[in-house]
Structure formats: C-alpha cells, structure tokens
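Reviewing the structure listed below.
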Amino acid sequence: MPELPEVETIKNQITPNLPLKVKRVILSDVSDSIVKDKDFPLKNFVIERVERQGKVMRFFLDKNRRIISGLGMSGSWRISHLPITEKHTHVQLCGENKEGDFFLGYIDPRRFGNMHFFNEENEKKWLTRLGADVSKPEFNLEYLIELKKKRPNKVIKPFLLEQNFFAGVGNYMASEMCARAGIRPTRRMKTLTRKDLEKLLEATKVVLDQTINSGGTTFSGGYQDANGNKGKGVTNLVVFHQETCGLCLETEVKRLVLAGRGTFYCPKCQK
Ligand SMILES: [Zn+2]
903 MPELPEVETI KNQITPNLPL KVKRVILSDV SDSIVKDKDF PLKNFVIERV ERQGKVMRFF
963 LDKNRRIISG LGMSGSWRIS HLPITEKHTH VQLCGENKEG DFFLGYIDPR RFGNMHFFNE
1023 ENEKKWLTRL GADVSKPEFN LEYLIELKKK RPNKVIKPFL LEQNFFAGVG NYMASEMCAR
1083 AGIRPTRRMK TLTRKDLEKL LEATKVVLDQ TINSGGTTFS GGYQDANGNK GKGVTNLVVF
1143 HQETCGLCLE TEVKRLVLAG RGTFYCPKCQ K
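The numbering of the sequence shown is the working numbering, which starts it at 903 and goes up by one.
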C-alpha cells in the first residue's frame, strides 16, 4: 500500500511536468468505483500544481478547483509523453504541457483508490478527516502530548495507522517508527513518556528521510513510481518482514498481529 514516502515520490515526479492543460479525459469501464463524481468535467482545466497531505494527492486546478486522489491499496499515477496503455489504467488525463503532448494516468489494479473533483471549499471540508501530516511541522511534541491526553488507552502501533491522527503512516512505516523509537508496538499511549514521544518524532523523521531518498518502498509486486520504477526502500527496513533486527544486528524479530495487521518488533531494542 502506498504510504507517505511513496505518494511523496510520485508527487515529486509529477511536479516538473506541470502545468498541464487537460484536453481529454478517458475513464475505464470500471472507473466508477474510483471516480466518485458522475461528472468529472476536467476538460479545459489546467492542473497547475500538486501537493500531498498524508497519503492523499491534491491537484490544484485553475478556477479554484481541486482533484483529491487517494491511492488505496494499489493506486499510482504515471507520467508519459505517449498515451498510457498499461493495464488497470482507470483514469487518463490527456493534455499538453510546455513540452507538448503529455499524459497523466491513474493505475490501480485493486481499485480501492478514490478520486474527487472539488471546489476549494468542499476540498477543505473533505481534508478535515486527516490528522497532522507526519512529515510537517504540525506533527510535533505538543501534538503528541495532546493525543496522549485525549486517547490514553490507544495501543501505539495500530493507533499510528489512524489517518485522522497520523496522516501518511501505513503498516510498514508504523512498525519501523516504533522500532527506531525503541517502543514496543503494544504499548498504550498513556505509558509513553515525554522522552518516548520525542524519540517517536525523531524516528519518524529518520524513516521518512531514508525512504523518500530511496524513492519509496516496493514489496513483492507492489508499488511503482510515476515512471513505473520500483522504490529501493526495503534496504532501510530494520524490523518489517526482517528476520534479524537491523538495529542491534543480533536479535530475532518477532511478529504479531495487532488490529488485524502484521506487526514486527525487536524484543531487545523495543521496551
Ligand atoms: Zn534489536
């Protein structure tokens, strides 16, 4: 599943190709499950820039319109100077940028992604469902202390997956963040000290920096970036699907299931 680093990578690859004037939109026969508005009137709009909030892509169009694109389990955007013919291309924006014809395709084999066409106000309303983006200054010690007060009984690892509190975190990131912070994934919020929360912030930064520098993380058959390439982030993993802890280099990694999701930790490094 694309998490913050993967979405950031795709966003960074799309950015130099904007602005893009959309001349035609091609939707696949089964795109309804993704494109939530029956009317997707993008023709003649200009996509001026793209940003990311959590795992969500935000395309800024002229006339104060927006496209919100959630990538779900297997979504990705592709960029190309030629029409995109790849299987599972459900939305294709055919247009023109400063270099000529240009194509932006949304590819999603499992079709859990979603896409909305909004005006500024509706977008703002929609985005209120997201908590602090963990790559931005809004994710800080005060924020975590406040969450500890509000949600003392939450178990940290599954809690990290809740987008209304930790926008951008997914399953591999959550295990890696706990590992690098030295926190057992089963700890409740109320047991985390100020020092633990500081370490969690630091760990988040390390995980994000390393993974974004690696172009995201691709697991078997998974994520591809906007050029169709895989990310090299697996080399950074210290516990997620690892046998030996990548921090102490000697302890066997334990696996457990929390809230239905595979969770990995080092019993020596994480207390
Ligand atoms: Zn260890």
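Even glycine gets a Cβ: it sits at the ideal position worked out from N, Cα and C.
>> Taking 9 Å as the threshold (beta carbon to beta carbon), is Q1126 in contact with chain C?
In response: The chain labelled as chain C is not found in the depicted structure, where only one protein chain is given.
> Where does the unbroken alpha helix (DSSP H) through V909 begin, and where does it stop?
Replying inline: L906 to I916
> In angstroms, rounded to a whole number, what distance separates the CA positions of L963 and T991?
Replying inline: 22 Å
> With DSSP run on the structure shown, which of helix, strand or coil describes C1080?
Replying inline: helix
> Going by other Cβ atoms of all chains shown within 10 Å of its Cβ, with 16 needed for buried, is C1150 buried or exposed?
Replying inline: exposed
>> Suppose contacts are defined by Cβ-Cβ distances below 9 Å. Is T1113 in contact with G1135 by that definition?
In response: yes
> Does DSSP put N919 in a helix, a strand or coil?
Replying inline: helix
>> Here's the rule: buried if 16 or more other CB atoms are within 10 angstroms of the residue's CB, otherwise exposed. What is R1031?
In response: exposed
> Taking 8 Å as the cut-off, does the CB of K1026 come closer than this to any heavy atom belonging to ligand 1?
Replying inline: no
> Using the beta-carbon count (16 or more within 10 Å), is V1159 buried or exposed?
Replying inline: exposed
> Between G956, P985 and A1081, which lies nearest to G1002 when the distance is taken from Cα to Cα?
Replying inline: P985
> Is E905 near ligand 1, with its Cβ less than 8 Å from a heavy atom?
Replying inline: no
> Hey, which residues come within less than 6 Å of ligand 1, measuring from Cβ to any heavy atom, in chain order?
Replying inline: C1147, L1149, C1150, T1153, C1168, K1170 and C1171
> What are the complete beta strand (DSSP E) segments, minimum 3 residues, inside the stretch 919 to 971?
Replying inline: 922 to 929, 948 to 955 and 958 to 963
>> Under 8 Å: do the stretch 1069 to 1081 and the stretch 1137 to 1146 share three or more Cβ pairs, one atom per stretch?
In response: yes
> Since V909 contacts K957 with CB under 8 Å, what's their CB separation in whole angstroms?
Replying inline: 5 Å
> Which runs of the alpha helix (DSSP H), 4 residues or longer, sit entirely within the stretch 1022 to 1089?
Replying inline: 1022 to 1029, 1043 to 1052, 1058 to 1062 and 1073 to 1083
>> With three or more beta-carbon pairs closer than 8 Å as the criterion, would you say the stretch 1097 to 1107 touches the stretch 1034 to 1047?
In response: yes
> Going straight from the alpha carbon of C1168 to that of P1087, what length do you get?
Replying inline: 10 Å
>> Please classify V924 as buried or exposed, where buried requires at least 16 other C-beta atoms within 10 Å of its C-beta.
In response: buried
>> Does the beta-carbon of E1078, which I'm using as the reference point, lie nearer than 8 Å to any heavy atom of ligand 2?
In response: Absence of ligand 2 from the depicted structure is noted, with ligand 1 being the only ligands included.
>> Measuring alpha carbon to alpha carbon, tell me which residue in L995, G1072 and R967 is nearest N1021.
In response: R967
> If we call anything under 9 Å between Cβ atoms a contact, is V997 one with L1006?
Replying inline: Reading off the sequence shown, one finds Gly at residue 997, where the question assumed Val. In contact: G997 and L1006 (Cβ atoms closer than 9 Å).
> Just to confirm, are H983 and F961 a CB contact at a threshold of 9 Å?
Replying inline: no
> Hey, how far is the Cα of L922 from the Cα of N999?
Replying inline: 5 Å
> Can you list, in chain order, the residues of its chain whose CB lies under 7 Å from that of E950, leaving out five sequence neighbours each side?
Replying inline: L920, P921, F962, L963 and D964
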